[in-house]
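Read through the structure below, which is laid out as structure tokens, and then see the notes.
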Amino acid sequence: MTLGLDWQQLRHCLGRFATGVTVVTCWLQGRPHGLTVNSFTSVSRQPPLVLVCIARSAKACDAMAGSPFVVNVLRASQRELALHFAGRPQPGLEIAWEPGKVAPRLAGCLAYIECLPWQSYDGGDHVLYLGEVIDFQCQGGDPLLFYGGYFLSLPAEETQLGGGLTQWLW
Ligand SMILES: Cc1cc2nc3c(=O)[nH]c(=O)nc-3n(C[C@H](O)[C@H](O)[C@H](O)COP(=O)(O)O)c2cc1C
Numbered sequence: 110m111t112l113g114l115d116w117q118q119l120r121h122c123l124g125r126f127a128t129g130v131t132v133v134t135c136w137l138q139g140r141p142h143g144l145t146v147n148s149f150t151s152v153s154r155q156p157p158l159v160l161v162c163i164a165r166s167a168k169a170c171d172a173m174a175g176s177p178f179v180v181n182v183l184r185a186s187q188r189e190l191a192l193h194f195a196g197r198p199q200p201g202l203e204i205a206w207e208p209g210k211v212a213p214r215l216a217g218c219l220a221y222i223e224c225l226p227w228q229s230y231d232g233g234d235h236v237l238y239l240g241e242v243i244d245f246q247c248q249g250g251d252p253l254l255f256y257g258g259y260f261l262s263l264p265a266e267e268t269q270l271g272g273g274l275t276q277w278l279w
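This is the structure:
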């Protein structure tokens with residue numbers, strides 16, 4: 110491997126960074142499509158930009174070029190959706206699509222970030238898609254988390270007002 114790095118060890122190390130979990134949705138050949146994504150991050154305030162990194166091998170990758178997309182932030186109760194859209198179809202799982210402003214989105218998520226295409230960049234075997242946020246919505250509830258290759262939820266006491274979450278940092 111490049112520079113003698115061991116990919117498995119690097120992957121293990123990168124997995125120490127805890128994230129939320131999203132499903133990025135878009136149109137694919139006229140049909141709603143989604144893929145599970147944890148490479149989501151906010152980028153710019155003015156203009157409001159967010160980033161997702163999409164594998165070139167993903168079906169959505171070409172479809173997202175120059176196209177709008179929605180970042181659907183998953184709830185702790187939506188693990189099955191995360192698995193389904195990560196290529197592991199969940200038997201009996203009903204996918205509730207609803208129209209977004211710019212692209213189809215998934216009903217019942219913790220937050221929605223609706224984006225128009227802004228710019229894309231080469232990211233090796235991924236493409237970095239920046240989207241300009243043109244609408245957003247969020248509701249109360251617990252997020253689905255991803256850490257060390259596992260889905261996690263916040264411990265119950267952390268979800269109480271004030272419990273453990275003592276300081277607004279940023
Ligand atoms: C927790 C989690 C996070 C993921 N994050 C990303 C990501 O940021 N970018 C990406 O391209 N794939 C990511 N994947 C993998 C895709 O969800 C998976 O390859 C999916 O099947 C691709 O969908 P498609 O080829 O049907 O479009 C992630 C998978 C999981 C379980």
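So this note's numbering is basically just the index in the sequence shown, starting at one, shifted up by 109. Cβ atoms here follow ideal geometry from the backbone N, Cα and C, with glycine treated the same way.
Residue range of the alpha helix (DSSP H) that includes residue i
i	result
C122	W116 to L123
L215	Note, L215: premise wrong, no alpha helix (DSSP H); beta strand (DSSP E) at P213 to L215.
For residue i, the first and last residue of its enclosing beta strand (DSSP E)
i	result
D171	Unbroken run through D171 is the alpha helix (DSSP H), K168 to A172; no beta strand (DSSP E).
A185	Neither: A185 is in no beta strand (DSSP E) and is coded neither H nor E.
S153	T150 to S153
R140	R140 to V146
D244	H235 to C247
A287	Because residue 287 is not part of the residues shown, which for the chain are 110 to 279, the question remains open.
Test item: CB-CB of residue i and residue j under 7 Å
i	j	result
A195	E207	no
L219	R184	yes
H235	C162	yes
V159	G250	no
T128	V146	no
A167	L144	yes
F178	C247	no
Candidates the options, of which the one nearest residue i by Cα
i	options	result
I222	T128, F126, R125 and C135	C135
V211	G258, V242, Y259 and K168	V242
L237	L254, F245 and V152	V152
G209	P226, P141 and P156	P141
F245	Q138, A169, Q117 and N181	N181
Residue i - partner residues in DSSP beta bridges
i	result
C206	In the sequence under discussion, the amino acid at residue 206 is Trp, which differs from the Cys named in the question. Paired residues: L215.
N181	V132 and Y221
D231	V236
P252	R184
L261	L254
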